[in-house]
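Contents: one structure, followed by commentary.
Here it is as structure tokens:
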């Protein structure tokens with residue numbers, strides 16, 4: 021507004037300056053000549069009348085020019101007012117556009133644009149009244165009622181139900197891909213590959229060794245072959261030392277040839293050693309000293325075989341500290357020792373005939389007119405020729421043929437019948 025007033029004053033001053041210059045020039049031309057003429061002919065009354073007439077004409081022209089100047093000033097002021105009104109209207113329109121954009125972005129309808137009449141009234145209300153004039157503000161009418169937006173604009177104001185469902189579906193799919201990037205088929209395939217890799221890593225190069233439980237005689241005479249113990253990496257083998265009666269023979273000490281290749285555990289009191297191979301293919305030996313026996317028992321350790329000895333009962337000829345009192349000859353007849361040992365392990369003698377035993381837990385074979393019986397019962401009658409006992413209480417007997425066996429089980433006498441003789 022100040023800028024418009026300064027422009028108005030500048031234009032009015034310029035116009036007054038130009039009009040004043042023209043009036044002075046006109047006054048000099050007309051009134052000056054009249055004055056000079058009147059100075060020479062002042063005595064003539066006609067000349068006086070003419071000069072008075074010209075004065076009146078000059079005053080008339082001055083009045084006309086003043087009116088024109090005032091009209092021009094009024095037009096300039098009106099032009100400035102119209103320019104200010106146009107600027108205010110343009111600012112209102114820009115404000116309306118910004119408000120409509122912000123409202124549409126939030127999903128709300130934009131306010132209605134003011135009409136040109138309302139914009140002009142707002143501009144006139146903001147402009148100060150000229151000095152000496154009083155302005156009357158028309159009474160404010162009722163606020164315009166908001167018009168209902170067309171259906172298309174209402175539809176475009178916010179997302180539809182289909183759009184919401186599409187957005188939810190896309191969001192769910194995105195979260196699913198982030199949490200579960202693999203499909204169920206891919207997960208199953210990964211598990212199969214993992215198990216196959218673990219199996220291949222843990223599997224042996226060939227067939228796993230066959231587990232066995234055997235009994236061996238320990239021959240301490242010079243020139244004899246030491247017993248062989250079959251081991252395997254990752255498997256524990258137990259060595260049980262027994263005397264001729266089957267009683268445990270305690271261990272007093274042991275010495276290992278290659279401690280870096282084998283691991284031995286012993287409780288320092290019993291007759292059992294736990295031995296394990298630490299390498300796939302290696303060889304070594306073991307020396308074991310039994311309590312009360314001067315000669316050490318030598319054993320050969322060989323891992324990496326097709327069979328592994330889970331348990332080996334090593335029978336040493338002689339009576340140990342815990343020997344049982346049994347009416348038998350010292351030692352075992354050489355002709356019956358190997359056969360009884362196989363019978364004790366549950367292996368039928370080669371070329372033997374299987375017999376049927378009823379009345380108790382026992383198995384019998386017939387070989388060369390002699391009967392071999394394997395049972396956990398104690399045979400009382402008939403008298404037997406040879407016998408062997410394992411650490412778990414199993415017995416092997418060699419005797420003559422007999423259809424009836426008298427046995428004892430924890431003090432109870434029982435009778436066994438043998439068929440097939």
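In the numbering used here, the protein residues as written are 21 to 441. Beta carbons: idealized from backbone N, C-alpha and C, even for Gly. Computed from a predicted model, the values in this text were never measured in an experiment.
Q.
Here's the rule: buried if 16 or more other CB atoms are within 10 angstroms of the residue's CB, otherwise exposed. What is residue 271?
A. buried
Q. For the candidate residues 304, 302, 269, whose alpha-carbon lies nearest to that of residue 1?
A. What the structure shows of the chain is the stretch from 21 to 441, and residue 1 is not part of that stretch, so it cannot be assessed.
Q) Could you check where the beta strand (DSSP E) with residue 205 kicks off and where it finishes? A) No beta strand (DSSP E) contains residue 205, which is instead part of the alpha helix (DSSP H) from 204–222.
Q. The alpha helix (DSSP H) with residue 389 in it runs from where to where?
A. No alpha helix (DSSP H) contains residue 389, which DSSP labels as neither H nor E.
Q: Can you grab the Cα-Cα spacing for the pair residue 370 / residue 335, in whole Å?
A: 22 Å
Q) Any heavy atom of the ligand SAM within a distance shorter than 7 Å of the CB on residue 360? A) Here there are no bound small molecules, and the ligand SAM is not part of this structure.
Q | Start and end residues, beta strand (DSSP E) containing residue 406 | A | 404–409
Q: Please report how far the alpha carbon of residue 323 lies from the alpha carbon of residue 436, in whole angstroms.
A: 44 Å
Q. Is residue 358 buried or exposed, if buried means 16 or more other CB atoms sit within 10 Å of its CB?
A. exposed
Q) Using DSSP with H/G/I as helix, E/B as strand and the rest coil, what is residue 429? A) strand
(Q) Counting C-beta neighbours from all protein chains within 10 Å, is the total for residue 238 16 or more, i.e. buried, or is it exposed? (A) buried
Q: Measure the alpha-carbon distance for residue 114 versus residue 106 and round it to whole angstroms.
A: 12 Å
Q) Could you check where the alpha helix (DSSP H) with residue 190 kicks off and where it finishes? A) 181–199
Q: Mind reading off the beta-carbon distance from residue 250 to residue 325? Whole number of angstroms is fine, and I expect it under 8 Å.
A: 4 Å
Q: Just the C-alpha distance for residue 284 and residue 372, rounded to the nearest angstrom, thanks.
A: 40 Å
Q: Ignore the nearest five residues each way along the sequence and tell me which others in residue 377's own chain have a CB closer than 6 Å to its CB.
A: 384, 436, 438
Q.
On the criterion of 16 or more Cβ atoms from any shown chain inside 10 Å, does residue 175 qualify as buried, or is it exposed?
A. Annotation note: pLDDT 48 at residue 175 (below 50); position unreliable, coordinate value reported separately. Counting Cβ neighbours within 10 Å, residue 175 comes out exposed, since fewer than 16 surround it.
(Q) Measuring alpha carbon to alpha carbon, tell me which residue in 253, 339, 214, 200 is nearest residue 225. (A) 253
Q) So residue 392 packs on residue 407, CB below 8 Å; how close in whole Å? A) In fact, because the Cβ distance is near 11 Å, the residues do not count as touching under 8 Å.
Q. Which word fits residue 275, buried or exposed, when buried means at least 16 other C-beta atoms lie within 10 angstroms of its C-beta?
A. exposed
Q: Within the same chain, show all residues whose beta-carbon is closer than 8 Å to that of residue 341, passing over the 5 residues directly before and after it, in chain order.
A: 269, 270, 311, 312
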